[in-house]
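**Student:**
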Amino acid sequence: MTTAFDPIELSGTQLANRIAMAPMTRSRAYGDGLTVTESTVEYYSQRASAGLIVTEGIQPSVLGQGYPNTPGLHSDEQVAAWRKVTDAVHAKGGKIFAQIMHAGRIGHPVLWPDQELVSVAPSAVAPAGQLYTHEGPKDFIAPRELGADEIPAIIAEFVEAARNAVAAGFDGVELHGANGYLIHQFLAPNTNLRTDEWGGSVENRIRFAVEVTKAVAEAIGPERTGLRVSPGNAYNDIAETDTEAVYPALINEIEPLGIGYLHIVEMVPGYREITRELREKFSGTLILNPATEGPTDHAALGLIEDGTADILAFGALFLANPDLPVRLKSEGPYNTPDTASFFGGDDKGYIDYPALSAN
């Protein structure tokens, strides 16, 4: 019987186990260059026992930034800073993919050097709610609708960031098509009101996700390319009315590309049937960030054993437990995540969680 602690080959890359560190925004890239720091190097290298690390969301351009102090991959300085991270993870035998995340309509001009800029999205629909900034909470504002002639340039930003990731030593990239960011905004009918070839029908709404994935796979190799989706996810004011149609159609188009993996985020257990349907449609490696009853639900490990997923991704549990594979195998004990230090701050709640051997 296959277990979460068995090795697996990910499109030619050998992973030590089937436990992944899920991408988590930490907002600790400081300075005008929005580069990661020596603390970031320590943070990821501490977690190198994961079969696969997927980084926090990394913006592919200035306008792709959605939150304060999130890192980029669009300058030589940023590439050099990330190279220290990948070298440190590889030195400990780990594997690491960069998550490329364009926030689209999630963001605010106070984040950008030129505050005359306006966020871009498939349609000029403002999300409900506010964004935390260094100047305090700010109401989201309506984005500018991308012209059809501008969309190829946005796709090119993803491609350039993917090339930069390879230059920085990453083993591959994950395209963030989940959680209400730009790719997801094209998928959802309440954020994509377009009537051209990029909106309207299911076929047209999935086009952006397909074209980004195809372009990145062609640029750096399909084996180095992953895609993350979150069917039914309402985060960031997304309202999906045809989830059951959109995601199977998307996977039908993605499947022939032969990408390294599909990463599914389950927001509620009720979407397990969609997970299983996509599992059947996708022949490559499936990573699942499962909806569970609690943060240390060991029943989730059974999803490897029954074939629902090939790799399981854990978020906050990995944040607080740098040696999570060891702790899962022994069924704990676990450090408790400090929610107050999730976003921004110093090394407290970042690189000071003890390993099991230090307890």
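If you read the sequence shown in my numbering, its first letter stands for residue 8, the second for the next number, and so on. Backbone N, C-alpha and C define an ideal beta-carbon position, used for all residues, glycine too.
#1: Tell whether a beta-carbon distance below 8 Å holds between H270 and N243.
#2: Can you tell me which of the three DSSP states F325 falls into?
#3: Please determine, among S290, G71, T20, the residue with the shortest C-alpha to C-alpha distance to T315.
#4: Could you tell me if L331 is buried or exposed, where buried requires 16 or more neighbouring beta carbons within 10 angstroms of its beta carbon?
#5: Strictly by DSSP, which residues pair up with A105?
#6: What is the C-beta distance between V43 and P78, in whole angstroms, given that I count them as a contact (C-beta under 8 Å)?
#7: Taking the straight line between their C-alpha atoms, what separation do you get for E338 and A155?
#8: Roughly how many angstroms lie between the CA atoms of E300 and V272, to the nearest whole one?
#9: Would you call L200 buried or exposed, if buried means 16 or more other Cβ atoms sit within 10 Å of its Cβ?
#10: What three-state label does DSSP hand Y268 in the structure shown?
#11: Hey, which unbroken runs of the alpha helix (DSSP H) at 4 residues or more fall wholly within the segment 75-128?
#12: Measure how close the beta-carbons of A407 and L234 come, nearest whole angstrom, since I'm counting them as under 8 Å.
#13: Just the C-alpha distance for T292 and T93, rounded to the nearest angstrom, thanks.
#14: Just checking, does the segment 128-147 make contact with the segment 172-183 on the three C-beta pairs under 8 Å criterion?
#15: Which residue wins for smallest C-alpha separation from F147, given the options H97, A128, E49?
#16: On the criterion of 16 or more Cβ atoms from any shown chain inside 10 Å, does Q137 qualify as buried, or is it exposed?
#17: My assumption, with CB atoms under 8 Å, is that F12 sits in contact with K336. Please give the rounded CB distance.
#18: Would you mind sorting A246 into buried or exposed? The rule is 16 or more other CB atoms within 10 Å of its CB.
#19: Measuring alpha carbon to alpha carbon, tell me which of I311, A36, A27, R25 ends up nearest Y357.
#20: Determine, using beta carbons only, whether G352 and M31 come nearer to each other than 8 Å.
#21: Would you identify the three-state DSSP class for K355, choosing helix, strand or coil?
#22: Please state the DSSP three-state secondary structure of Y188.
#23: Got a sec? Which residues, its chain only, sit under 7 Å from Y50 by beta carbon, not counting five neighbours each side?
#24: Check E49 in the structure and name its three-state DSSP category.
#25: By the three-class DSSP mapping on this structure, what secondary structure does A347 have?
#26: Which term fits R283, buried or exposed, when burial requires 16 or more other beta carbons within 10 angstroms of its beta carbon?
#27: Measuring straight from C-alpha to C-alpha, what distance separates A241 and N186?
#28: Assign N296 to one of three DSSP states: helix, strand, or coil.
#29: How would you write the range of the alpha helix (DSSP H) that T20 sits in, first residue to last?
#30: Is it a yes or a no for the segment 8-27 touching the segment 53-60, going by three-plus beta-carbon pairs under 8 Å?
#31: Look up E247 in the DSSP assignment and say whether it is helix, strand or coil.
#32: Alpha carbon to alpha carbon, how far is L70 from D313? Give it in angstroms, no decimals.
#33: Counting C-beta neighbours from all protein chains within 10 Å, is the total for T248 16 or more, i.e. buried, or is it exposed?
#34: Taking the alpha-carbon of A95 as reference, which of M274, Q53, T220 has the nearest alpha-carbon?
#35: Where do the ends of the beta strand (DSSP E) carrying R235 lie?
**Tutor:** Taking the geometry as given:
#1: no
#2: helix
#3: S290
#4: buried
#5: V180
#6: 5 Å
#7: 52 Å
#8: Only weak support is given to the placement of E300: the predicted model assigns it a pLDDT of 48, under 50, and the value that follows is read from those uncertain coordinates. Distance between the alpha carbons of E300 and V272 is about 15 Å.
#9: exposed
#10: strand
#11: 83-98
#12: Residue 407 is absent from the structure shown; the chain starts at 8 and stops at 366.
#13: 22 Å
#14: no
#15: A128
#16: exposed
#17: 6 Å
#18: exposed
#19: A36
#20: no
#21: coil
#22: coil
#23: Y357, I358
#24: helix
#25: helix
#26: exposed
#27: 8 Å
#28: strand
#29: Element bounds for T20: not the alpha helix (DSSP H) but the beta strand (DSSP E), 20-22.
#30: yes
#31: coil
#32: 42 Å
#33: exposed
#34: Q53
#35: 232-236
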